[in-house]
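Only one structure is covered here, and it is reproduced in the block below.
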Amino acid sequence: MGSLHYSFLVFLAILVSSANAQNGLHLPVRKDPKTLQHYTTFQMGSNRADINTVIDLGAEHLWFACDDYTSNSYSPIPCDSSKCELAKGIGCFGCSRTEPRPGCTNDTCASTNSNPFEEFLSGQGFYEDTLYTKDNVRVPQFIFSCSTNDYLRGLASGTIGMLGLARTQISLHKQVTGKLNLPDKFSLCLPSSGLGKLSIGDVSSSSKPDISPLLKFTTLIINPNSTSPVYTVGDASVEYFIDVKSIRVNGETLSVKDSYFSLDKDGNGGTKISTIQNYTALHPSIYKPFTRAFVKAASDMKIKSVAAVGPFRACFSSSSISKTSAVPTIDLVLPGTDVYWRINGANSMVQIDQKTTCLGFVEGKSRPKPAVAFPTTSIIIGTHQLEENLMVFDLVSSQLHFTSSLLANGKSCSRL
Ligand SMILES: *[C@@H]1O[C@H](CO)[C@@H](O)[C@H](O)[C@H]1NC(C)=O
Ligand SMILES: *[C@@H]1O[C@H](CO)[C@@H](O)[C@H](O)[C@H]1NC(C)=O
Ligand SMILES: *[C@@H]1O[C@H](CO)[C@@H](O)[C@H](O)[C@H]1NC(C)=O
308 MGSLHYSFLV FLAILVSSAN AQNGLHLPVR KDPKTLQHYT TFQMGSNRAD INTVIDLGAE
368 HLWFACDDYT SNSYSPIPCD SSKCELAKGI GCFGCSRTEP RPGCTNDTCA STNSNPFEEF
428 LSGQGFYEDT LYTKDNVRVP QFIFSCSTND YLRGLASGTI GMLGLARTQI SLHKQVTGKL
488 NLPDKFSLCL PSSGLGKLSI GDVSSSSKPD ISPLLKFTTL IINPNSTSPV YTVGDASVEY
548 FIDVKSIRVN GETLSVKDSY FSLDKDGNGG TKISTIQNYT ALHPSIYKPF TRAFVKAASD
608 MKIKSVAAVG PFRACFSSSS ISKTSAVPTI DLVLPGTDVY WRINGANSMV QIDQKTTCLG
668 FVEGKSRPKP AVAFPTTSII IGTHQLEENL MVFDLVSSQL HFTSSLLANG KSCSRL
């Protein structure tokens, strides 16, 4: 009787988990008001510990501090194994303590974990364990890397690692869609407040009748030169680039040489999407004409300029802006007829205080001379410009589907 009962329960559990799995994996996204970072929460291991990690579109894998992590379902990825090769592990990691635990095992596939906020790297080991979500989706043998609390400087308080969504074999979406047999697609809606959403596999909120008319699409392009701090010669970038051709301010195209927008033979230039960058960074040769055009267009709209507050270079008297949508529009112009990503209202402006509101873009790096190890990207689209926009990364057809601000249509990430 007892065993019948048990197998019935197991049967039910399998039914439930596969039913949920077909609907993809959905995670909540929150914004940390202090660092402005966006993070998500899932559960790992036999204790189903809550793990909060910062979302990083450009990072190769999941890593978190394992100091407080205990699980009896974890196992280390051996060095020289096929999984180690898949993870692009580099050599072997060992640990001199006697008791093995997550983060301290011998003959373990070594990983390089990057903390992009402090620009440091740490070498640790790869492990696998079961990943769970609150709605009971279960992803067995999920590959991740352990780090330690010493490497968390700069991360939002309460978070213990970084969640990689890049174009690699062990990024979150690649592992989840591979294991659950779903197409390699994910959608991301970063909230400005409240709860946003990260959906893997099933991106059906984008096909809802009230959302699909708002979506435009463009090709995701591959930068043939790696943009990671550590890579093997010949590796392509694992980040997401789009082919921005020009920028328009209130309908007027900026006069900037095309070569700043395109990728050169070493992978410099181009436009990428980043969840690590706060405010979109523009190459100095784009930033200067851009702010000039914006200030001019604002002045034509009777918006008064005031002294700039760093890191911004163009600021305005808040009282002269009637409502946030009444500022010059910014369009990132993409290939095709009439395809552009419009940035306006809350996505373009940053309120500093009651009196001052600034154009929320910053000056990026120019190309280094002599060239540093990895290329410099001309436009890095940051989270302030992405918030409350829905993005769908379709890696089956290599397309990015995107909306402008959902707020302008009476919607938001928390109501998808
Ligand atoms: C983002 O902005 C916050 C608040 O201004 C700041 O503390 C943080 O250093 C910024 N992060 C980056 C990567 O620029
Ligand atoms: C790793 O190997 C060393 C040398 O054999 C041993 O002293 C140590 O206890 C081992 N560590 C673990 C966690 O098994
Ligand atoms: C960038 O990639 C191209 C094509 O793979 C290669 O020919 C070129 O040498 C690379 N440049 C650098 C600086 O690695």
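Residue numbers for the sequence shown follow this note's numbering, so the first one is 308 and each next one is one higher. Where a beta carbon is used, it is the ideal one built from N, C-alpha and C, also for glycine. Quantities reported herein were computed from a predicted structural model and do not represent experimental measurements.
Exercise. Which ranges would you report for the beta strand (DSSP E) in the region 383 to 434 if only whole runs of at least 3 residues count?
Worked result: 415 to 422
Problem set entry | Whole-angstrom C-beta distance between serine 719 and lysine 662, which should lie under 8 Å | That pair is no contact at about 27 Å.
Exercise. With a cut-off of 8 Å, do at least 3 Cβ pairs link the region 357 to 370 to the region 385 to 392?
Worked result: no
Exercise. Does DSSP put threonine 683 in a helix, a strand or coil?
Worked result: coil
Exercise. Is it buried or exposed for methionine 608, if we count other Cβ within 10 angstroms and need 16 for buried?
Worked result: exposed
For this session: Taking only heavy atoms of ligand 2 into account, decide whether any of them is closer than 7 Å to the Cβ of serine 464.
Result: no
For this session: Kindly provide the chain-ordered list of residues whose Cβ lies closer than 5 Å to any non-hydrogen atom of ligand 3.
Result: Pro531, Asn532, Asp573
Exercise. Tell me the DSSP bridge mates of alanine 670?
Worked result: The question names alanine, but residue 670 is glutamate in the sequence shown. The partner list for glutamate 670 (beta bridge, DSSP) reads Leu589.
Problem set entry | For proline 531, the three-state DSSP class (helix, strand or coil) | Reduced to three states, the DSSP call for proline 531 is coil.
Exercise. Terminal residues of the continuous beta strand (DSSP E) containing threonine 348?
Worked result: Taken as a continuous stretch (DSSP letters only), the beta strand (DSSP E) holding threonine 348 covers 345 to 351.
Exercise. Would you say serine 403 touches ligand 2, meaning its beta carbon is less than 7 Å from a heavy atom?
Worked result: yes
Problem set entry | Sequence-distant residues of the same chain with beta carbon closer than 6 Å to arginine 674, five excluded per side | Once the five neighbours on either side are set aside, the close Cβ partners of arginine 674 are Asn575, Thr683.
Problem set entry | Cα-Cα separation, phenylalanine 548 to alanine 588 | 14 Å
Problem set entry | For leucine 470, the first and last residue of its enclosing beta strand (DSSP E) | 468 to 471
Exercise. So does the region 634 to 646 actually touch the region 517 to 537, counting three or more Cβ pairs closer than 8 Å?
Worked result: yes
For this session: Quick one: which unbroken alpha helix (DSSP H) runs of 4-plus residues sit fully inside the region 469 to 530? Chain order, please.
Result: Annotation: the region 469 to 530 contains the following complete segments of the alpha helix (DSSP H) (minimum length 4 residues), in chain order: 479 to 487.
For this session: State buried or exposed for arginine 420, treating a residue as buried only when at least 16 other CB atoms are found within 10 Å of its CB.
Result: With the sequence shown as reference, residue 420 is identified as asparagine, and arginine is not the correct amino acid for it. Burial call: buried.
Exercise. Between Thr347, Leu438, Ser500, Gly401, which lies nearest to isoleucine 467 when the distance is taken from Cα to Cα?
Worked result: Thr347
Exercise. Any heavy atom of ligand 2 closer than 7 Å to the Cβ of cysteine 373?
Worked result: no
For this session: Let me know if lysine 395 comes out buried or exposed under the rule of 16 or more other beta-carbons within 10 Å of its beta-carbon.
Result: Residue environment for lysine 395: buried (at least 16 other C-beta atoms within 10 angstroms of its C-beta).
Exercise. Do serine 506 and tyrosine 434 come within 8 Å of each other at the CB atom, strictly closer than that value?
Worked result: no
Problem set entry | DSSP state of cysteine 622 mapped onto helix, strand, coil | strand
Exercise. Alanine 614 and alanine 621 look like a contact to me (Cβ under 8 Å); what is the Cβ gap, rounded to whole Å?
Worked result: No, alanine 614 and alanine 621 are not in contact; Cβ-Cβ is about 11 Å, not under 8 Å.
Problem set entry | Status (buried if at least 16 other CB within 10 Å, exposed otherwise) for glycine 551 | The residue asked about is misnamed: residue 551 is valine in this sequence, not glycine. Per the 10 Å Cβ criterion, buried.
Problem set entry | Cβ-heavy atom distance, asparagine 413 to ligand 2, below 7 Å | Yes, since a heavy atom of ligand 2 falls inside the 7 Å radius drawn around the Cβ of asparagine 413.
For this session: Mark glutamine 692 as exposed unless 16 or more other C-beta atoms lie within 10 angstroms of its C-beta, in which case mark it buried.
Result: buried
For this session: Check whether the Cβ atoms of proline 409 and serine 378 sit closer than 8 Å, and answer yes or no.
Result: In terms of Cβ geometry, proline 409 and serine 378 form a close pair [threshold 8 Å].
Problem set entry | For proline 340, the residue or residues it bridges with in DSSP | For proline 340, which the question treats as bridged, DSSP gives no partner whatsoever.
Exercise. Are the region 411 to 426 and the region 501 to 517 touching, with three or more C-beta to C-beta distances below 8 Å?
Worked result: no
Exercise. Helix or strand or just coil, what does DSSP make of aspartate 542?
Worked result: For aspartate 542, the three-state secondary structure derived from DSSP is coil.
Problem set entry | Validate contact between the region 329 to 337 and the region 449 to 457 using beta carbons, cut 8 Å, 3 pairs | With the cut-off at 8 Å, the region 329 to 337 and the region 449 to 457 do not touch.
Exercise. Any heavy atom of ligand 2 closer than 7 Å to the Cβ of proline 407?
Worked result: yes
Exercise. Between glycine 485 and serine 478, is the Cβ-Cβ spacing less than 8 Å?
Worked result: no
For this session: Using only alpha-carbon positions, find the residue among Ser592, Gln344, Ile610 that is nearest to threonine 360.
Result: The alpha carbon of threonine 360 has as its nearest neighbour, out of Ser592, Gln344, Ile610, the alpha carbon of Gln344.
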